[in-house]
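First to last, the protein sequences are chains G and U.
Using full-length UniProt numbering, the first residue of the first sequence is number 1, and each one after it goes up by one.
Using full-length UniProt numbering, the first residue of the second sequence is number 1, and each one after it goes up by one.
Since the structure comes first, as structure tokens, the remarks are kept for the end.
There are 2 protein chains.
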Amino acid sequence: MGWLLPERKVKTIHKSFFHLKDSYGSTQLLVDHLRGSSWAELSQIPVESTVLIEGNVVLRPVHARKPGPTGSIDVDVDKVVLLNPANEQCMPFLPSNIHNLPNEELRARYRYLDLRRTVLSDNLKKRSQVTHIIRNVLHGFTEVETPVLLRSSPEGAREFLVPARSAVAAPDVGNADPVFYALSQSPQQPKQLLICSGGVDKYFQIAKCFRDEDGRKDRQPEFTQVDLEMAFVSWGENQVSDLVEKSSNVWRIGGLEVRQIAEDLFGSDKPDTRFGLEIINISDVLHANQTSPLTDSILECIVVRKSTDSDFIKASRALAPEADTNIEHITLTEANRETWLSNSKAISHVYSNIAPTDLVTVNKALNLKPGDDIWLSYRPRRPTGGSTSLGRVRLQICEQAQVRGEFVITKDPHFLWITEFPLFTRDDADKDHLAHGRWSSSHHPFTAPMWEDIGALYRGEAENVRGQHYDLVLNGVEIGGGSVRVHDAKMQDYIFTTILGLTDEEKHPFQQLLHALQCGAPPHGGIALGLDRIMAILCKTQSIRDVIAFPKSASGTDLLFKSPAAVSREALEEYGIMPRQTSA
Amino acid sequence: MGWLLPERKVKTIHKSFFHLKDSYGSTQLLVDHLRGSSWAELSQIPVESTVLIEGNVVLRPVHARKPGPTGSIDVDVDKVVLLNPANEQCMPFLPSNIHNLPNEELRARYRYLDLRRTVLSDNLKKRSQVTHIIRNVLHGFTEVETPVLLRSSPEGAREFLVPARSAVAAPDVGNADPVFYALSQSPQQPKQLLICSGGVDKYFQIAKCFRDEDGRKDRQPEFTQVDLEMAFVSWGENQVSDLVEKSSNVWRIGGLEVRQIAEDLFGSDKPDTRFGLEIINISDVLHANQTSPLTDSILECIVVRKSTDSDFIKASRALAPEADTNIEHITLTEANRETWLSNSKAISHVYSNIAPTDLVTVNKALNLKPGDDIWLSYRPRRPTGGSTSLGRVRLQICEQAQVRGEFVITKDPHFLWITEFPLFTRDDADKDHLAHGRWSSSHHPFTAPMWEDIGALYRGEAENVRGQHYDLVLNGVEIGGGSVRVHDAKMQDYIFTTILGLTDEEKHPFQQLLHALQCGAPPHGGIALGLDRIMAILCKTQSIRDVIAFPKSASGTDLLFKSPAAVSREALEEYGIMPRQTSA
């Protein structure tokens, strides 16, 4: 049984060839025009109809092509039953005709036809296999479902709200106000409470999470994470990273090589380490020469070398620097060799005067030769998350070189742990709708400080406290992150109150966690890995929508199910709410 | 490492005994008062604190009790490290003190302490094991995640709505109205569309589902179902039931015996078949005697026999019939032996006159003896779902007999398929908020009619059409249900329009399914099993809340996370909604 594909145009007397596709591949059907009515029947059935075929399995001729799992056989057709016809007038496109597909929006509206394409259905099968492997690897862990309907909590991104009917008694408020659940952004609090309970010491869940963020290519309003939490672990002894690294056969992509690299080297908090073009800190060179900057800034550069970076040199020269950044592009010649740095605009922003000996030292340290390309930039000392200007230039050069066919980036995975970054930030625009200019947590407020920075924490020097968190980056894509958690209730309260400056009302959603920490909670930590992104990498696609059966568009709409949609006023009344416009 | 339990009051000179509990059990600690400071330290640590113990593992004396997995060893303590103290002033109760637990509500507020009890954490571990077995049994099936954020659709129970921010462009309406997603009630439409796509021919998912129903003991606003769908299957060839029956090792409770039994025999659409007291149809006896009822009603009874049902006879006599039902209770004596039926109130509702030969026939057919108890009732001929009055009496007698200690019900599983019941109903109160007096589907509108009833369907005789659906009942609890689906677009549209009388607006949420059926959809069918109920049975508990890590109360509130809760007016404004009261 399967889907009928078009008749092949092959000139063979008295024989026709069709293909029958099912979920595993396609099989060639041989139809003898002179035997029975099969040929007449098949010719009249619209392609993409489901049919039941009876016949004899025959081996293909020795020298015939034998593509796919059923390539070595044909079916000599005896009988044809049409199970359900495809109505040709209704088909917006033929998924079997992969060379003439409509645009993504139309295919999204008819996702059930698009999924008939092998490339997409193979992704779904691979995803199912990967989650099965993950579950087998996590032997000894208890898979626990945590609530999707949770309480609104200001710990991270914008949440989806779910109105509760007035009939539901809210624990906190009177019946006058409408009340809401919030969809789980991540199982962070439930999983910590579970571990605090001691009932389960190794938890995992392949969990649906929800964030009401503006869509991007690699975000969906609902997404899936492989979520882990363990009692009695720490990063110091590397137990969390050990677990993830040992899971290399989870990803079945081998070659797991994990390095801890300073963010500065690649100008990004999720660097792609599959190519070089590392960033060189000129300020450090000058500092060794006892020349200090005017401000707390860093002067740094990328050198694209004519001799060793030939893959990149043309791309570098063709690249126009971003207009609004502190980037300068200099091609080194015999003429400008001694003056490029002192003539640069950047230098005056960072240094008052540069001695000639400084220039000699820099040229020597950078091992510069005429024909090399220099990208020069200055930036504040403290990394602020995201990418620096040079970090973006580095990626653009690589991209351009690939587009021009001058460089082929390896498909091999490059894994990287990013660690020891600041526990608190003031520079995350995504968090400022909650922080309102206060400090916010780089990850979330439950992350423990590095033990050696606890002194700085209690002195209130938030900017000097590094966290026991760790991001896992694969080929420049952040695929996961986690931390060792605070297990001391007093420290947790200090972070909420003194560092983050939360009001009592803002602390309210955390009260059960604070209390649980006082009831003999074990030291604990965990990690969450983004399954959609991992699958996109494994399936070699740019878009996570290719690894999700029924994805939403970048703007969060579902073109297949036509959601979100208006609902009746009566339905809203049950929830004690109404459209805002009608109050006028 | 683990949680410290209280010191045991055992009189041994210079030795104390503590217990260290972890997620796997508890281990006895031996502390020598004369060696080091361990005893002083341990005595001062509050119970339920987490501690790290170093010491030597020693075998217990040969004749000592050896309970639990670590019962054969003790640990002779050398060193004690307090990892995190339990603050005695904060502990609302001690989970280790299982004989003095507070009420369910208080334990729900501190669920993280309640989960420290082994009985609950064992349930979570068993649940994890069961889902792992299910996934291994479903080898060859593709696990596919379907959307949680779906579109509102009138196919079943009341849905949860999720407001979308005004920034999200709704596919259907202008930007003036607020728009909503709906949380998936079940993956019904997505899974059918997936199978229609042909990309996956055997789908499963352990899926979170959401229904905004008033709480009952065995319902939660979010619940989990094991969801299956297959292409090219039918009930006629029993492929769906075969699969579920072959999965007997899924449940690991063996003894899967599946019977197809007429609903009438036990007066319930989910009969508990672990005991007898079957219902006898008196009208059939009289019909054989050529006596016909006045109306289209059935006269029926349960006979609790003095000779064979001695477990039940006392319970039966103590039971008071429900006041508002058509139930009569008669204890048979030598005196009323010839008159009990003709003197009954029930008889006049169903029969105009009963001949003396009828009475003889009935007495003979029922094999009545003085001392037997008769429960007599009449009801409309067509089963209407749920239980009949006699079905309830039957359960009450069994319950009473158990309470009185006169009967012990078997713990062995009794599975039962309920099939061939009507495709449409007018009697389901849960569905009337959508049906408004029209026919509604017993399961859902995608269920195929039995092939032999297709004539009746197209003649518009909705009451005479049986469905290709099947409910699976275990020990009187409905644990799952499914159906063969309609795959013919014309038939599906006829059911929507002509039978169910849906308006164009009501049909709108189904348009993608109707279209998919026209694109060569395969015949398909599936089933969904309620994981929470199955786990409750496996864990031998009455409440599904005992098998859910963080359940909600019967009224849908979460006492731990304090949800639902009020949210700020600013948050609501982003969604274009406001509380209804303020418009006054």
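Glycine residues also receive a C-beta, built at the ideal position from the N, C-alpha and C atoms.
Small disclaimer: the values here were computed from a predicted structure and weren't measured.
Selected residue, minimal CA-CA separation from residue i, among the options
{"i": "G:V62", "options": "G:G68, G:P69, G:L52 and G:I73", "result": "G:I73"}
{"i": "G:Y575", "options": "U:L368, U:A566 and U:P551", "result": "U:A566"}
{"i": "U:G55", "options": "U:Q28, U:H329 and U:A320", "result": "U:Q28"}
{"i": "U:G68", "options": "U:S37, U:S26 and U:A108", "result": "U:S26"}
{"i": "U:H14", "options": "U:Y24, U:W39 and U:L5", "result": "U:W39"}
{"i": "U:D492", "options": "U:L194, U:F421, U:D272 and U:A521", "result": "The question names Asp, yet the displayed sequence has Gln at residue 492 of chain U. The option with the nearest alpha carbon to U:Q492 is U:A521."}
{"i": "U:C301", "options": "U:D284, U:I534 and U:T291", "result": "U:D284"}
{"i": "U:V473", "options": "U:R65, U:R117 and U:R533", "result": "U:R533"}
{"i": "U:T361", "options": "U:S387, U:E338 and U:S348", "result": "U:E338"}
{"i": "G:L20", "options": "G:P551, G:E48, G:T12 and G:C398", "result": "G:E48"}
{"i": "U:L366", "options": "U:N353, U:F421, U:E278 and U:V81", "result": "U:E278"}
{"i": "G:V57", "options": "G:D78, G:R135, G:R109 and G:L101", "result": "G:D78"}
{"i": "G:K191", "options": "G:D218, G:F160 and G:M230", "result": "G:M230"}
{"i": "U:V350", "options": "U:L294, U:G480, U:R111 and U:R158", "result": "U:L294"}
{"i": "G:T425", "options": "G:L500, G:W417 and G:L395", "result": "G:L500"}
{"i": "U:I454", "options": "U:G482, U:G437, U:D488 and U:H444", "result": "U:D488"}
{"i": "G:A207", "options": "G:P187, G:I195 and G:V162", "result": "G:P187"}
{"i": "U:D412", "options": "U:K540, U:E478 and U:A516", "result": "U:K540"}
{"i": "U:P356", "options": "U:N87, U:P178, U:K369 and U:T291", "result": "U:T291"}
{"i": "U:G405", "options": "U:D311, U:S316 and U:P445", "result": "U:D311"}
{"i": "G:K369", "options": "G:R459, G:T388, G:I347 and G:A335", "result": "G:A335"}
{"i": "U:G476", "options": "U:D214, U:P6 and U:C398", "result": "U:C398"}
Any non-hydrogen atom of the ligand HEM within 7 angstroms of residue i CB
{"i": "G:I330", "result": "Because no ligand of any kind appears in the structure shown, any question about the ligand HEM cannot be addressed here."}
Bridge partners - residue i, DSSP secondary structure assignment
{"i": "residue 592 of chain G", "result": "As displayed, chain G neither begins before 1 nor continues past 584, which places residue 592 of chain G out of reach and without an answer."}
{"i": "U:E143", "result": "U:F204"}
{"i": "G:W340", "result": "G:W340 is not bridged to any residue."}
{"i": "U:F180", "result": "G:A565 and U:P163"}
{"i": "U:L20", "result": "U:L4 and U:T27"}
{"i": "G:C209", "result": "G:F223"}
{"i": "U:Y351", "result": "Beta-bridge pairing links U:Y351 to no other residue."}
{"i": "U:P380", "result": "U:S297"}
{"i": "U:G525", "result": "U:M230 and U:V484"}
{"i": "G:A86", "result": "U:C519"}
{"i": "U:W375", "result": "U:I302 and U:H329"}
{"i": "G:F510", "result": "In the DSSP output, where bridge partners are listed per residue, G:F510 has none listed."}
{"i": "residue 611 of chain U", "result": "The requested residue 611 of chain U is not part of the displayed model; chain U covers only 1 to 584."}
{"i": "U:S121", "result": "Bridge partners of U:S121: none, in fact."}
{"i": "G:T425", "result": "G:S440"}
{"i": "G:G530", "result": "G:Q225"}
Rounded Cβ spacing between residue i and residue j (contact assumed at less than 8 angstroms)
{"i": "G:R379", "j": "G:N326", "result": "7 angstroms"}
{"i": "U:V304", "j": "U:D372", "result": "7 angstroms"}
{"i": "G:C519", "j": "U:M91", "result": "6 angstroms"}
{"i": "G:M578", "j": "G:V130", "result": "45 angstroms between Cβ atoms; not a contact."}
{"i": "U:F160", "j": "G:V162", "result": "5 angstroms"}
{"i": "G:S121", "j": "G:L113", "result": "With 8 angstroms as the limit, G:S121 and G:L113 do not qualify as a contact, their Cβ atoms being about 12 angstroms apart."}
{"i": "G:R23", "j": "U:G525", "result": "The question names Arg, but residue 23 of chain G is Ser in the sequence shown. In fact, because the Cβ distance is near 16 angstroms, the residues do not count as touching under 8 angstroms."}
{"i": "G:W340", "j": "G:I354", "result": "Between G:I354 and G:W340 the Cβ distance is about 12 angstroms, and since that is not below 8 angstroms, they are no contact."}
{"i": "U:I544", "j": "U:G481", "result": "Wrong, their Cβ atoms sit about 17 angstroms apart, outside the cutoff."}
Open item on the list: Give me the subset of the region 200-213 of chain G whose CB atoms are less than 7 angstroms from a CB atom of chain U, sorted by chain position.
Closed with: V200, D201, K208 and D212
- [ ] Write down every uninterrupted run of the alpha helix (DSSP H) in the region 435-490 of chain U whose length is 4 residues or greater and which is fully enclosed by it, in chain order.
- [x] As far as the region 435-490 of chain U is concerned, its whole alpha helix (DSSP H) runs of at least 4 residues are 454-458.
- [ ] Please specify which runs of the beta strand (DSSP E), each continuous and at least 3 residues long, are wholly inside the region 274-333 of chain U, giving them in chain order.
- [x] Along the region 274-333 of chain U, the beta strand (DSSP E) occurs as fully enclosed runs of 3 or more residues at 297-304 and 327-331, listed in sequence order.
Open item on the list: Residues of the region 498-516 of chain U in Cβ contact with chain G at a cutoff of 7 angstroms, in chain order, please.
Closed with: Q512, H515 and A516
Task: Residues from the region 12-30 of chain U in contact with chain G, defined by Cβ distance under 9 angstroms - done: K21, D22, S23 and Y24
Open item on the list: What ranges does the beta strand (DSSP E) occupy inside the region 44-117 of chain G, keeping only unbroken runs of at least 3 residues that lie completely in it?
Closed with: 50-59 and 73-84
TODO: Can you give me, in chain order, the residues of the region 32-64 of chain G that have a beta carbon less than 7 angstroms from any beta carbon in chain U?
DONE: Listed by position, the residues of the region 32-64 of chain G near chain U (Cβ gap below 7 angstroms) are E48, S49 and T50.
Task: Residues of the region 339-356 of chain U whose Cβ lies closer than 7 angstroms to any Cβ of chain G, in chain order - done: Within the region 339-356 of chain U, no residue has its Cβ closer than 7 angstroms to any Cβ of chain G.
- [ ] Quick one: which residues of the region 530-553 of chain G get their C-beta closer than 8 angstroms to a C-beta of chain U? List them in chain order.
- [x] I548, A549, F550 and K552
- [ ] Name, going along the chain, the residues of the region 73-102 of chain U whose beta-carbon falls closer than 8 angstroms to a beta-carbon of chain G.
- [x] L83, N84, P85, A86, N87, C90 and M91
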